[in-house]
């Protein structure tokens with residue numbers, strides 16, 4: 003059965019210490035043990051660098067970051083920040 007992971011799930015426990023920069027968010031994500039390395043690498047490479055004014059604005063953006071892993075695959079083959087496939 004295919005599996006997917008989206009940004010809302012990844013950042014569900016992110017503290018509401020906004021405004022935050024993308025770097026602040028990614029630094030927090032790097033400290034979390036349950037965020038897969040493929041998602042971290044994709045976000046580090048492709049996530050827009052900006053200041054996020056509030057938690058709601060941030061979550062509305064990252065809800066569209068989805069990684070899809072087909073049945074039996076070890077890593078996702080589609081999705082991510084750009085939704086165009088993983089490099």
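In this note's numbering, the protein residues as written are 3 to 89.
All residues carry an ideal CB built from backbone N, CA and C; glycine is no exception.
{"Asked": "Burial state of residue 74 (16 or more Cβ within 10 Å)", "Found": "exposed"}
{"Asked": "Residue 43 classed as buried or exposed, judged by whether at least 16 other C-beta atoms fall within 10 angstroms", "Found": "exposed"}
{"Asked": "Validate contact between the region 4-22 and the region 50-66 using beta carbons, cut 8 Å, 3 pairs", "Found": "yes"}
{"Asked": "Closer than 6 Å: residue 42 CB and nearest the ligand SAM heavy atom", "Found": "Here there are no bound small molecules, and the ligand SAM is not part of this structure."}
{"Asked": "Identified DSSP bridge partners for residue 73", "Found": "BP columns for residue 73 are empty, so no partner."}
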